[in-house]
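Those protein sequence lines, which keep their order, are chains A and B. Residues 1 to 153 (the numbering used here) make up the first sequence, in order. Residues 154 to 306 (the numbering used here) make up the second sequence, in order.
2 protein chains.
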Amino acid sequence: MNITDAQSDYVERVGRFWESLSMGRTAGRILGWLMICDPPHQSAVELRSNLGVSAGSISTQVRLLEQLGLVERVTFSGSRASFYQLPDHVWSRSMDTELVRIVQMRALAEAGSAVIPNIRPERVTELEEVARFFAEEWPGLLERLHRRVEVKP
Amino acid sequence: MNITDAQSDYVERVGRFWESLSMGRTAGRILGWLMICDPPHQSAVELRSNLGVSAGSISTQVRLLEQLGLVERVTFSGSRASFYQLPDHVWSRSMDTELVRIVQMRALAEAGSAVIPNIRPERVTELEEVARFFAEEWPGLLERLHRRVEVKP
DNA sequence: CAATAGTTTCAGAGTATCCTGAAACCTGTG
DNA sequence: CACAGGTTTCAGGATACTCTGAAACTATTG
């Protein structure tokens, strides 16, 4: 199945959005296409021809996306090629990784404890409070998200 | 007041963290120094000498940070210079802007409605559900954050 | 209204990032 | 064990950032 104009538009749009998050346009295009392609799993060659990027680029970006947990590799007996597809519940699961950012933020704030200023110390301490708040809230929030998204009403 | 070694370490650490968010090391250094400097407001010249970057760079990055609402410009009668400082509650307030990202995400998901696939349509539709979930939850979450951070127990 | 403190703009240099195309490298299969 | 399909690596080119230093600009102040 070949890509249509409407699909190409969407792929480009996802690409630009991903780029605005400074995560690379090609990676975004791959995700965009994997969201709407049929079948949902695509070989490197199919990605190449539908997205118009080189084999090397596909290889690099797919590995990157795999590391981020946004793409998974599947294989089929009888076919030598690898296929790539979005894992189940990518989007809700991708929110899980925000927790590591929160932890990094907390670590940054704690590293500031040695240099807390006398005037307006909250410039440093508030960062820690914010990090602590999200560290507390995030798990419960995610649980509700997952319940809502994974078990349909 | 001149920057100490411990302070410089912290500034560099904030700089690297900011860089890891792909927001530029110099911008991060400015924020780091503005978190711990005394007085809390600094002129471009002070930023220059404490951070070791050029006047042009300070000018550019400070404008950028101002646009993001992470730095504010203040002036004092009797002084010709502008001074830069962190606004009150920068860190908790900076979480407010996440809402626009959520809205963008929702728009992206809605743009996909024209190309929803027959098999595994949730690859597209779940993105919208996630966006909607956060759009609903974020305001309340922020309100609790602000209450907690702004009125101390 | 001239001098000057302070700020912004801009060209050029340096650096990082991303892509391509080709070569190298795997690994099933005949 | 050689072949061939498929994937990864890598050098080189293009692009985009970001910084610097100097010139241009702005606006107080004497």
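All residues carry an ideal CB built from backbone N, CA and C; glycine is no exception.
The three-state secondary structure of Thr-228 (chain B), taken from DSSP, is strand.
Listed along chain A, the residues sitting closer than 8 Å to Leu-294 (chain B) by beta-carbon distance are Glu-137, Leu-141.
Val-302 (chain B) sits close to Glu-129 (chain A), with the two beta carbons spaced by under 7 Å. Under DSSP, Phe-17 (chain A) forms no beta bridge with any residue.
A Cβ of chain B is located within less than 7 Å of the beta carbon of Gln-7 (chain A). A distance below 8 Å between beta-carbons, with the five flanking residues on each side excluded, links Arg-48 (chain A) to the following residues of its chain, in chain order: Ser-54, Ala-55, Ile-58. Between the alpha carbons of Arg-25 (chain A) and Gly-15 (chain A) lies a distance of about 5 Å. Between Trp-33 (chain A) and the set A:Arg-63, A:Phe-17, A:Leu-51, the nearest pair of CA atoms involves A:Leu-51. Nearest neighbour of Arg-123 (chain A) by Cα position, chosen from B:Glu-172, B:Val-224, B:Val-215, turns out to be B:Val-224. Here Met-258 (chain B) is buried, its C-beta having at least 16 other C-beta atoms within 10 Å.
As the crow flies, the alpha-carbon of Arg-63 (chain A) is around 18 Å from that of Leu-21 (chain A). Distance from the CA atom of Arg-93 (chain A) to the CA atom of His-146 (chain A), rounded to whole angstroms, is 8 Å.
Neighbours of Trp-91 (chain A) in chain B, taken as residues whose beta carbon is under 7 Å from its own, are Glu-279, Leu-280, Val-283 in chain order. Under the 10 Å beta carbon count, Gly-222 (chain B) is surrounded by fewer than 16 other beta carbons and is classified as exposed. In the DSSP assignment, Ser-82 (chain A) falls outside any beta strand (DSSP E) and carries neither an H nor an E.
Under the DSSP assignment, Ala-55 (chain A) falls in the alpha helix (DSSP H) whose first and last residues are 55–67. Using a Cβ-Cβ cut-off of 7 Å, Arg-48 (chain A) does not count as an interface residue toward chain B, since no Cβ of chain B sits closer than that to its own. For Cys-37 (chain A), the closest alpha carbon among the candidates B:Leu-295, B:Val-268, B:Pro-292 is that of B:Val-268. Counting other Cβ atoms within 10 Å of its Cβ, Ala-159 (chain B) stays below 16 and is therefore classed as exposed. Here Phe-134 (chain A) is buried: its Cβ has 16 or more other Cβ atoms, across all protein chains shown, within 10 Å.
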